[in-house]
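Numbering (the working numbering), first residue to last: 302 to 500.
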């Protein structure tokens, strides 16, 4: 019986040492796993602390300046959008040149101007732009000769400048009329614009 007791003790001791060895391996594996899991979290935590410190350094004046800049940029954007809308309405796709020219002639007749010559020139594509807007349009230059008094002609130019349509005067010539000193001969090259479809 003594032999089997020794075998039993040996089996118990072997089992005990195997359990201890497995426990040590498990703890080592757990330790290594925690290092790989906790280390990235620690790095992220440090990064967040650095970011929070840099954000907390921004004072209220800087935030106020940034908000003010944002507001002014939004106002500028709104103003540009309004200018584009106005320009688009003046350069409607639907208005043809003859309709625009009819309005021009009607404006001239209201001011007692007499047309002696009208000749449209070939159309060309152009870009209308200023510091606020840029639009693609079809330009039709028209040579117009007329007779009128000087003040009526000046009022006519004012009407064109303040019209709902976009006319651009490229060239003006005013000459004395030898037949009638009160009515001058005017010649102008006027451009009429239509918005090109940009879609």
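Cβ coordinates follow ideal geometry from the N, Cα and C atoms, glycine included.
Residue 451 and residue 462 have their C-alpha atoms some 17 Å from each other. When DSSP assignments are scanned along the segment 393-428, the uninterrupted stretches of alpha helix (DSSP H) that are 4 or more residues long and fall wholly within it turn out to be 398-411. Here residue 329 carries a helix assignment [DSSP, helix/strand/coil].
Taking C-beta atoms under 8 Å as the contact rule, residue 417 and residue 458 fail to qualify, at a distance of about 18 Å.
Residue pairing from DSSP leaves residue 464 without any beta-bridge partner.
Residue 470 sits in a strand when the DSSP states are folded into three classes. In this structure, the beta-carbon distance from residue 497 to residue 437 falls below 8 Å. Residue burial annotation: residue 440 is buried, with at least 16 other C-beta atoms found within 10 angstroms of its C-beta. In the DSSP annotation of this structure, residue 497 is not part of any beta strand (DSSP E), being labelled neither H nor E. Note that the C-beta distance between residue 414 and residue 454 is below 8 Å. The beta carbons of residue 449 and residue 487 sit about 7 Å from each other, so the pair counts as a contact at 8 Å.
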